[in-house]
Structure formats: structure tokens, C-alpha cells
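A.B. asks: Sequential numbering of the sequence shown, starting at 1, is according to the UniProt record's numbering.
Yeah, the Cβ is synthetic: ideal placement off N, Cα and C, and Gly gets one too.
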Amino acid sequence: MSNLLTVHQNLPALPVDATSDEVRKNLMDMFRDRQAFSEHTWKMLLSVCRSWAAWCKLNNRKWFPAEPEDVRDYLLYLQARGLAVKTIQQHLGQLNMLHRRSGLPRPSDSNAVSLVMRRIRKENVDAGERAKQALAFERTDFDLVRSLMENSERCQDIRNLAFLGIAYNTLLRIAEISRIRVKDISRTDGGRMLIHIGRTKTLVSTAGVEKALSLGVTKLVERWISVSGVADDPNNYLFCRVRKKWCCRAIIHQPAINSRPGRDF
């Protein structure tokens, strides 16, 4: 019987005696049920684990369970590479999740790690680092874009403007909008569209949530549905890939049900 435990093909195997039976089971359960996490979260976790494991191998440290002093040195290594505080915090956050899901104390719970993060924040601020804030997309911005695109005959423009309108009305993320299907759309008595959202990054519920569109954005979506033909099948994604780039009358588009949602935006 092997004395090594492999949790993922891209991560170093672990000595079986490095953890308890319960921790090993929790760790294996986490990797087995990875669909419980969003695709972005899981990719981030694996990316951080690979980076952390590579650093541990290079410095002759044990990657799991992580020792607080080792995590401290790793965070300082990331800082020395010039990474921003936010990125360093993301690395620590993923290591925290790995240990918490395994039933172990989070590295950030230790005094050594919490203090070094305070030190990194202070030193980076003193060195002139500033948190970057995305520019606000305001009503005047949306109105300007709509005035420039609403008379376009290009199917991509019609689609993108409808997509942008939904984003502005609902504040949903790109990935969340790209998962909307035709069958998720209903109407209010006043003619406005209602979109049923099954899940978001912050909401995982069987009931989901309803998002109402303004009459103006409803018209933009109606136009896209009319020219695209996505309404032919209620299981189609609302926003599909466009093959031709000129006018809708000459377009041959890939049915949304056969394409990856949100492509070519």
C-alpha cells in the first residue's frame, strides 16, 4: 500500500502520515466535490496551490499542512516579487480556504501570518502602492453608448448593446449574464422583462432571484431576440456567438445551445 496521498495530478503527493484520517478525508472530499465551487474560485485555488507547492519544494518546506512560519516567508517572497497587496491577500485567502475545508486552523489565524500581512500592507502603502478602483459606468455613459449603437445593423452591435443593457440594469457579472437562457425570461403586466437568475457568485439557491429590466433595455433585448433567432428553442442561451460581422439580414450565427455562453464579446 502506498504511503503517499495524491489529491490532484498537478500537486505534489502528500505523505499519508502527515495528517490525520479526518483531515485526509476532508481534503479528498473537497477535491472530489470541486463542482461545489465556481470555476473561477477553483482555478484560483489550484493556481495558488501550485505556486505555494513549487515554492515549498524549492525551499525544502512541506506544502500541506502549511506551517505558519513557512506561509509568512512565502508572503514575503510574493512581496519581493513585486506583487500587489490584493494579490498577496488572494494567495493567503486560498491557503486559508484549503486548510479550513480540511478541518485545520487557517494560516492567517496565527500571529506570525497576521502580523506579516499588516507589515506588507504598510510597507506597500509607504512605497506608493494604491488600490486600483474600476471606473464607474454611469447612466450618462450607457446613454452615450446606446446613442452610438442603437441604429446599427450589425448583429454584434445589437447583441452587445442588449448585453450591456442587462448588465447596467441588473449589476450581474459577465459570466452570470452569459448563462441566461431564453426560458429564464418572463414578462410583467407592464411589458417589462423579468429574468430569472438561478445562481450568482454570492447567491446559490434553488429559488434563485428575479431581475427586472427597464422598458428601454427590454426593447434592446427584444431586438436582439428578433434578429438572432435564439427564441426558436427555450433552452438556447440568450446571448450566442455571432459568426458574421456585418448585417443581421446576411448573418449565419451559431445556435446558442451549441456554443459556449458569452463568447466573442
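With a threshold of 7 Å (Cβ to nearest heavy atom), would residue 166 be considered close to the ligand SAH?
C.D. replies: This structure simply doesn't include the ligand SAH, nor any ligand for that matter.
A.B. asks: Can you grab the Cα-Cα spacing for the pair residue 151 / residue 38, in whole Å?
C.D. replies: Distance between residue 151 and residue 38, taken at the CA atoms: about 37 Å.
A.B. asks: Just curious, the alpha helix (DSSP H) that residue 241 is in, first and last residue?
C.D. replies: No alpha helix (DSSP H) holds residue 241; DSSP gives it neither H nor E.
A.B. asks: Anyone know if the C-beta pair for residue 162 and residue 223 falls short of 8 Å?
C.D. replies: In contact: residue 162 and residue 223 (Cβ atoms closer than 8 Å).
A.B. asks: Can we say the segment 102 to 121 touches the segment 171 to 183, given the rule of at least three CB pairs closer than 8 Å?
C.D. replies: Result no; under three Cβ-Cβ pairs closer than 8 Å.
A.B. asks: Residues in its own chain within less than 8 Å of residue 90 by CB, not counting five upstream and five downstream?
C.D. replies: 44, 48
A.B. asks: So residue 218 and residue 192 are in contact, right, with Cβ under 8 Å, and what is the actual spacing, rounded?
C.D. replies: 5 Å
A.B. asks: Kindly list the residues whose CB is nearer than 8 Å to the CB of residue 113, restricted to its own chain and excluding five residues on each side of it in sequence; keep chain order.
C.D. replies: 68, 71, 72, 75, 92, 107
A.B. asks: Less than 8 Å between the CB atoms is what I'm expecting for residue 103 and residue 23, so what's the real figure, rounded?
C.D. replies: Contact flag correct, Cβ pair sits at about 6 Å.
A.B. asks: Is the CB-CB distance between residue 155 and residue 227 below 8 Å?
C.D. replies: yes
A.B. asks: Taking all protein chains shown into account, do 16 or more other C-beta atoms lie within 10 angstroms of the C-beta of residue 57, making it buried, or fewer, making it exposed?
C.D. replies: exposed
A.B. asks: With distance defined between alpha-carbon atoms, name the residue in 84, 117, 172, 64 nearest to residue 18.
C.D. replies: Sorting 84, 117, 172, 64 by C-alpha distance to the C-alpha of residue 18 places 64 at the top.
A.B. asks: Mind pulling the alpha helix (DSSP H) runs of 4 or more residues that sit fully within the segment 50 to 80?
C.D. replies: 68 to 80
A.B. asks: Please report the distance separating the alpha-carbon of residue 79 from that of residue 117.
C.D. replies: Taking the straight line from one Cα to the other gives about 10 Å.
A.B. asks: Does residue 197 come out as helix, strand or coil in the three-state DSSP assignment?
C.D. replies: strand
A.B. asks: Pick helix, strand or coil for residue 107, following the three-state DSSP scheme.
C.D. replies: helix
A.B. asks: Considering just the uninterrupted stretch of the beta strand (DSSP E) at residue 185, what are its terminal residues?
C.D. replies: 185 to 187
A.B. asks: Are the C-beta of residue 50 and some C-beta of chain D separated by less than 8 Å?
C.D. replies: The chain inventory of the structure shown lacks chain D, comprising one protein chain alone.
A.B. asks: Residue 25: buried (16+ other C-beta within 10 angstroms of its C-beta) or exposed?
C.D. replies: Per the 10 Å Cβ criterion, exposed.
A.B. asks: If I measure Cβ to Cβ from residue 110 and keep anything under 7 Å in the same chain, skipping five residues before and after, which residues do I get?
C.D. replies: 68
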